[in-house]
Amino acid sequence: MQDLDRYLNEQQARHEDELCALLRIPSISAGGAHQAAIRQAAEWVANRLRRLGLPAELLETSSNPVVYAASPPVAGAPTVLVYGHYDVQPPDPLDEWLSPPFEPARRDGNIYARGATDDKGQLLTHIQSAEAWLQTAGRLPVQLKFLIEGAEETGSAGLDEFVAQESRRLACDVVVISDSSQFAPGQPAITYGLKGLAYFELRLTGPHQDLHSGSFGGAVTNPVNCAAHMMASLMNKSGKIRVPGFYDDVVPLTKRERRQLAALPFDESEFMQQIGVDGVTGERGYTTLERRWARPTCDINGIWGGYQGDGAKTVLPAKAGVKFSFRLVPNQDPAQIAQALEAYLASQCPPGIRMELTCMHSAPGIVVPLDSPYMQAATRAIEQGFGRAPVFTREGGSIPVVNLFRAQLGVDTLLLGWGLDDDNAHSPNEKFSLLDFQRGTKASAHLWSELGQITVGDR
Ligand code: BES
Ligand code: ZN
Numbered sequence: 003m004q005d006l007d008r009y010l011n012e013q014q015a016r017h018e019d020e021l022c023a024l025l026r027i028p029s030i031s032a033g034g035a036h037q038a039a040i041r042q043a044a045e046w047v048a049n050r051l052r053r054l055g056l057p058a059e060l061l062e063t064s065s066n067p068v069v070y071a072a073s074p075p076v077a078g079a080p081t082v083l084v085y086g087h088y089d090v091q092p093p094d095p096l097d098e099w100l101s102p103p104f105e106p107a108r109r110d111g112n113i114y115a116r117g118a119t120d121d122k123g124q125l126l127t128h129i130q131s132a133e134a135w136l137q138t139a140g141r142l143p144v145q146l147k148f149l150i151e152g153a154e155e156t157g158s159a160g161l162d163e164f165v166a167q168e169s170r171r172l173a174c175d176v177v178v179i180s181d182s183s184q185f186a187p188g189q190p191a192i193t194y195g196l197k198g199l200a201y202f203e204l205r206l207t208g209p210h211q212d213l214h215s216g217s218f219g220g221a222v223t224n225p226v227n228c229a230a231h232m233m234a235s236l237m238n239k240s241g242k243i244r245v246p247g248f249y250d251d252v253v254p255l256t257k258r259e260r261r262q263l264a265a266l267p268f269d270e271s272e273f274m275q276q277i278g279v280d281g282v283t284g285e286r287g288y289t290t291l292e293r294r295w296a297r298p299t300c301d302i303n304g305i306w307g308g309y310q311g312d313g314a315k316t317v318l319p320a321k322a323g324v325k326f327s328f329r330l331v332p333n334q335d336p337a338q339i340a341q342a343l344e345a346y347l348a349s350q351c352p353p354g355i356r357m358e359l360t361c362m363h364s365a366p367g368i369v370v371p372l373d374s375p376y377m378q379a380a381t382r383a384i385e386q387g388f389g390r391a392p393v394f395t396r397e398g399g400s401i402p403v404v405n406l407f408r409a410q411l412g413v414d415t416l417l418l419g420w421g422l423d424d425d426n427a428h429s430p431n432e433k434f435s436l437l438d439f440q441r442g443t444k445a446s447a448h449l450w451s452e453l454g455q456i457t458v459g460d461r
């Protein structure tokens with residue numbers, strides 16, 4: 003392992019340059035206008051894997067191509083599926099970036115660019131660690147199968163059919179994903195729970211064109227007023243979601259888990275400072291960490307309609323629209339939620355308004371078992387890579403494929419996040435710490451040897 007660590011130290015500058023090369027590709031999956039960059043990023047990842055001597059392929063799905071490569075099987079040792087995503091979120095709002103989102107810039111020990119932490123920097127750590135093994139030992143202690151997709155940020159469209167079709171090729175004993183965060187700088191974490199998601203677009207149409215708000219207002223239902231009412235009706239003052247049946251399948255937090263979450267060194271005032279607010283709110287009766295990690299939530303993601311230009315315009319708009327989403331917890335069924343929501347919103351929709359509700363994508367939440375030999379191996383590997391034992395956390399984000407791996411391949415996932423909460427994922431000035439890039443790579447290199455010590459039967 004000393005050879006490996008030494009090798010990784012020597013390669014750090016090259017690793018950083020390679021990360022920059024991948025970050026320069028604007029592989030935005032939302033909106034579908036960046037197809038060339040999507041393909042370029044997929045090719046880049048495939049070529050990077052080929053440089054390890056692995057026969058990487060681009061496999062087509064109904065959405066963006068998936069990059070796949072496998073190393074040879076290792077008798078008696080586990081097969082590990084490494085998942086990551088090469089697609090990124092749109093960079094907007096552009097004018098808030100201190101350096102352009104697709105021109106990676108090194109500042110104060112970080113690399114700034116869209117995708118730095120989510121997920122290009124994190125996914126590369128596993129490719130680099132595999133390369134380090136091959137360069138120093140000439141072999142890998144486990145079989146690695148890499149599956150790097152390109153539509154995660156838009157809900158992993160097409161991946162369910164892909165995983166179902168390719169289940170033999172993807173067969174493995176455990177999945178590893180680095181696409182989440184540490185608990186705090188230098189305090190690594192293993193994430194054992196992710197939220198699910200149900201994402202909707204609501205379109206409301208009133209009169210066949212915009213009207214004078216003096217002549218018609220008060221007598222004709224205003225679609226923007228109506229959108230505001232309907233959205234306000236989704237939650238009560240205690241932060242409870244009012245869609246009937248919404249909480250039916252929610253598994254309550256146990257006393258034990260509440261104690262464990264409360265024991266984490268979470269500083270609420272630091273948290274507020276980090277995001278620039280002077281107070282926090284949420285579902286009554288729950289702590290901030292419980293709200294963020296283990297309780298369902300509802301957020302408007304965008305809302306539009308009416309006059310947005312300079313000055314004032316007295317208009318009664320003909321249309322309004324809202325994008326909004328629920329983060330779900332394990333055991334809530336997104337399809338049932340969608341049905342209950344549609345019925346509830348229809349009951350709130352006044353005469354004179356036509357409502358169209360579309361579910362754009364959804365995924366259930368998940369909790370993975372903590373008591374497996376794989377978890378223990380990951381714990382030891384992180385300790386070696388970061389010099390500190392991980393804490394166990396849940397997260398509010400979603401990685402839809404984790405459920406697919408459980409349902410279709412029958413395997414659980416190790417969620418080993420090297421990022422930080424203040425890495426600005428999905429926001430301006432996304433970054434990834436170059437030290438975490440290196441520590442993550444080292445932890446990953448140790449992970450292959452720790453997992454290699456677990457004996458499994460031949461498949
Ligand atoms: N890397 C995130 C998931 C994540 C976020 C994990 C925060 C832990 C903490 C992932 O790329 C992501 O953002 N996923 C989307 C999925 C959605 C579009 C289905 C998300 O959570 O919004
Ligand atoms: Zn991600």
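Residue numbers for the sequence shown, in our numbering: 3 to 461.
Beta carbons: idealized from backbone N, C-alpha and C, even for Gly.
These figures come from a predicted structure and were not determined experimentally.
Opening and closing residue of the alpha helix (DSSP H) in which residue i lies
i, result
"CYS228", "225-234"
"SER349", "336-350"
"GLY442", "436-454"
"VAL403", "403-406"
"ALA72", "Premise fails: ALA72 lies in the beta strand (DSSP E), 68-72, not in any alpha helix (DSSP H)."
"LEU142", "Segment: none, LEU142 is in no alpha helix (DSSP H) and carries neither H nor E."
"ARG258", "257-265"
"TRP295", "290-296"
"ILE40", "37-52"
Where residue i sits in the DSSP three-state scheme
i, result
"SER217", "helix"
"PHE273", "helix"
"MET377", "helix"
"ILE27", "coil"
"GLU397", "coil"
"THR316", "coil"
"ARG171", "coil"
"LEU422", "coil"
"THR283", "coil"
"GLU18", "helix"
"LYS122", "helix"
"ASP97", "helix"
"SER183", "strand"
"THR127", "helix"
"VAL165", "helix"
"ARG8", "helix"
"ALA200", "strand"
"GLY34", "helix"
"ALA322", "strand"
Reference residue i, options the options, closest by Cα
i, options, result
"GLY389", "ALA48, ARG261 and GLY188", "GLY188"
"GLY152", "LEU125, GLN130, VAL144 and GLN145", "LEU125"
"LEU406", "GLN378, ASN224, GLY157 and LEU318", "GLY157"
"SER400", "ALA427, TYR114, THR138 and PRO28", "ALA427"
"CYS300", "THR283, LEU449 and ASP312", "THR283"
"TYR346", "HIS231, ALA139, ARG441 and PRO254", "HIS231"
"GLN386", "LEU25, ALA314, ALA221 and ARG441", "ARG441"
"LEU471", "ALA115, ARG109 and PRO57", "Here the chain comprises residues numbered 3 to 461, so residue 471 is not present and cannot be evaluated."
"TYR9", "GLN338, PRO402, GLN137 and ARG170", "GLN137"
"ALA409", "LYS257, ASP438, ILE368 and LEU436", "ILE368"
"ILE305", "PRO375, GLU203, ARG258 and VAL176", "GLU203"
"ARG16", "GLY398, GLN130 and LEU60", "GLN130"
"SER65", "PRO246, ASP162 and GLY198", "ASP162"
"ALA234", "ALA79, ALA38, ARG297 and CYS351", "CYS351"
Expected contact under 8 angstroms - CB spacing of residue i and residue j to nearest Å
i, j, result
"SER327", "TYR201", "4 angstroms"
"VAL177", "VAL331", "Not confirmed; about 21 angstroms, so no contact."
"VAL68", "LEU51", "Between LEU51 and VAL68 the Cβ distance is about 12 angstroms, and since that is not below 8 angstroms, they are no contact."
"GLU481", "ARG171", "This structure cannot settle anything about residue 481, because the visible part of the chain is limited to 3 through 461."
"THR81", "PRO74", "The Cβ separation is near 10 angstroms, so there is no contact."
"PRO298", "ASP335", "Going by Cβ atoms, the distance from PRO298 to ASP335 rounds to 12 angstroms, so no, they are not a contact pair."
Where residue i falls, given that 16 or more other Cβ within 10 Å makes a residue buried
i, result
"GLN4", "exposed"
"ASN238", "exposed"
"LEU372", "exposed"
"HIS210", "exposed"
"ILE277", "exposed"
"ALA229", "buried"
"GLY307", "buried"
"ALA348", "exposed"
"ASN49", "exposed"
"THR256", "exposed"
"GLY86", "buried"
"ILE302", "exposed"
"ASN224", "buried"
Residue span of the beta strand (DSSP E) that contains residue i, given as start and end
i, result
"ARG356", "356-365"
"ILE192", "191-196"
"GLU154", "Counting along the chain, GLU154 falls outside any beta strand (DSSP E), and DSSP gives it neither H nor E."
"ALA107", "107-109"
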